[in-house]
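> Below is a structure I'd like to ask you about.
There are 2 protein chains.
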Amino acid sequence: MSEDLGHLANAVRTTCQQVSRRVRFEANPELAPHHAGVLFKLLDGSRTPSELADLERVAAPSMTRTVNCLVERGLVSLSGNPNDGRSKLVSLTDAGQDALEQTVRARDDWMMQRLAGLSEADQEILRAATEVLNRVLDA
Amino acid sequence: MSEDLGHLANAVRTTCQQVSRRVRFEANPELAPHHAGVLFKLLDGSRTPSELADLERVAAPSMTRTVNCLVERGLVSLSGNPNDGRSKLVSLTDAGQDALEQTVRARDDWMMQRLAGLSEADQEILRAATEVLNRVLDA
DNA sequence: TATTGTTATACTCTATAACTATA
DNA sequence: TATAGTTATAGAGTATAACAATA
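Okay, here's the thing in structure tokens:
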């Protein structure tokens, strides 16, 4: 029973890691994962570099570099905070939004190709499983 | 219908990536992922560096470095192939096996803690889903 | 000639420590 | 003083190209 749970934990974990790995290697997105991650965080509004560093769990200097790179590529824009001269705001540009959408689409396309041909029953199992896992992750 | 498949693909992908990410950040294993990956491939027998490079999808020189690092840490050992002087064999040492087990356990423990408390029905859904996904990944 | 593996070199992402500027 | 961000520097992991040894 508890051993069963151990096996299930191992199966879920390794399967999820396999899917992630394959998506990462085979989807060939336009954006590197950590770039896409930052842009994704900006979808629902601008953020300061510190906030982004915390959200992405990287050190502040790493985020400085990432943001500079994204600015050079025109995917985000920087603006100063009028109330606090120390602070900056990173915002998604239209080009950044396009690049993000393209990346998401590339990854989803890869996954969709794998899932095409599954029976309705198998699709329903996956639908239910994502619901369960998301509940588990939020807990 | 096809749009449904798109939504499902997105849900499966993002959920699996979330699980991977959380395991990676929160399980705090002894071994870095790419080191654990190599040791894992050696569990069912010795391999040549080329085989390992292919399996891990990295270039040969990268694997040379990784293997050297693991040798220095005493986690694998190297031996020559008597039949082919060009070739080498990488084998798991006892210390390597211990380190691997500890890493696997840390990751599985994290996952098991999330899964504990799920109903039998939810556990069955996850069991079925891993079976479906593994079938999909192998195709 | 083809193959196995290594060395040389460089790029990317990461981190810590020291610095600048604002507050 | 404390905080936001940058610069300087270094370490880890990856890659390609050129090389050595063996088949």
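Sequence lines, in order, name chains A and B.
Residues in the first sequence are numbered from 100 upward in steps of one, following our numbering.
Residues in the second sequence are numbered from 100 upward in steps of one, following our numbering.
Note that the Cβ used here is the ideal one computed from N, Cα and C, for glycine as well.
Let me see if you follow: with CB-CB separation under 8 angstroms, is F85/A close to chain B or not?
Residue 85/A is absent from the structure shown; chain A starts at 100 and stops at 238.
> Any beta carbon of chain B sitting closer than 8 angstroms to that of S161/A?
Not one chain B Cβ lies under 8 angstroms of S161/A.
> Contact defined as beta carbons within less than 8 angstroms: I believe N180/B pairs with L188/B. What is the distance between those atoms, to the nearest angstrom?
Yes, N180/B and L188/B are in contact; Cβ-Cβ is about 6 angstroms, under 8 angstroms.
> Which residues in the same chain as V280/B place their Cβ atom closer than 8 angstroms to its Cβ, once the five residues preceding and following it in sequence are excluded?
For chain B, the structure presents residues 100 to 238; residue 280/B sits outside this window and is missing.
> Which residue comes first and which comes last in the alpha helix (DSSP H) that contains L191/A?
Unbroken run through L191/A is the beta strand (DSSP E), 183 to 191; no alpha helix (DSSP H).
> Among A110/B, E200/B, S161/B, whose alpha-carbon lies nearest the alpha-carbon of V118/A?
Among A110/B, E200/B, S161/B, the Cα nearest to that of V118/A belongs to A110/B.
> Would Q116/A count as contacting chain B if we go by Cβ distances under 8 angstroms?
So, interface residue.
> Under 8 angstroms between the Cβ atoms of E129/B and A194/B?
Going by C-beta atoms, E129/B is not nearer than 8 angstroms to A194/B.
> Among the candidates E171/A, R120/A, A228/A, A108/A, whose CA atom is the shortest distance from the CA of L236/B?
Looking at the Cα atoms, R120/A is the closest of the given residues.
> Which residues, taken in chain order from the segment 127 to 156 of chain A, show a beta carbon closer than 8 angstroms to some beta carbon of chain B?
Going along the segment 127 to 156 of chain A in chain order, one finds R156 with a Cβ nearer than 8 angstroms to chain B.
> Does any CB atom of chain B fall closer than 8 angstroms to the CB of G105/A?
Output row for G105/A: interface = yes.
> Would DSSP call N127/B helix, strand or coil?
Three-state DSSP puts N127/B in coil, outside helix and strand.
> Quick one: using the 10 Å Cβ neighbour count with 16 as the cut-off for buried, is A228/A buried or exposed?
Classification of A228/A: buried, given that the 10 Å Cβ count is 16 or more.
> Measure the C-alpha to C-alpha separation of S186/B and R172/B and round it to an integer number of angstroms.
Roughly 22 angstroms between the two C-alpha positions.
> Find the residues of chain B that neighbour N109/A, judging by a C-beta separation of less than 7 angstroms, and give them in chain order.
By Cβ distance, chain B contributes D207.
> Looking at the structure shown, is S119/A part of a helix, part of a strand, or coil, going by DSSP?
Three-state result, S119/A: helix.
> Who are the neighbours of Q196/A on chain B, taking C-beta pairs under 7 angstroms?
Correct list: empty, because the minimum Cβ distance to chain B is about 17 angstroms.
> From the beta carbon of S176/B, is the nearest beta carbon of chain A less than 8 angstroms away?
Not one chain A Cβ lies under 8 angstroms of S176/B.
> Check the C-beta distance from A108/B over to L214/A and give it rounded, since I have them as a contact under 8 angstroms.
A108/B to L214/A, Cβ: 5 angstroms. Contact.
> What residues from chain A crowd round A228/B, counting only those whose CB sits closer than 7 angstroms?
Within 7 angstroms Cβ-Cβ: I224, L225, A228.
> Just checking: is the beta-carbon of V170/B within a distance shorter than 8 angstroms of some beta-carbon in chain A?
No, because no Cβ of chain A sits closer than 8 angstroms to the Cβ of V170/B.
> Would you say V122/B and R204/B are within 8 angstroms of each other, going by their C-beta atoms?
Contact flag unset, no.
> Got a sec: is the Cβ-Cβ distance from L214/A to anything in chain B below 8 angstroms?
Yes, its Cβ sits closer than 8 angstroms to a Cβ of chain B.
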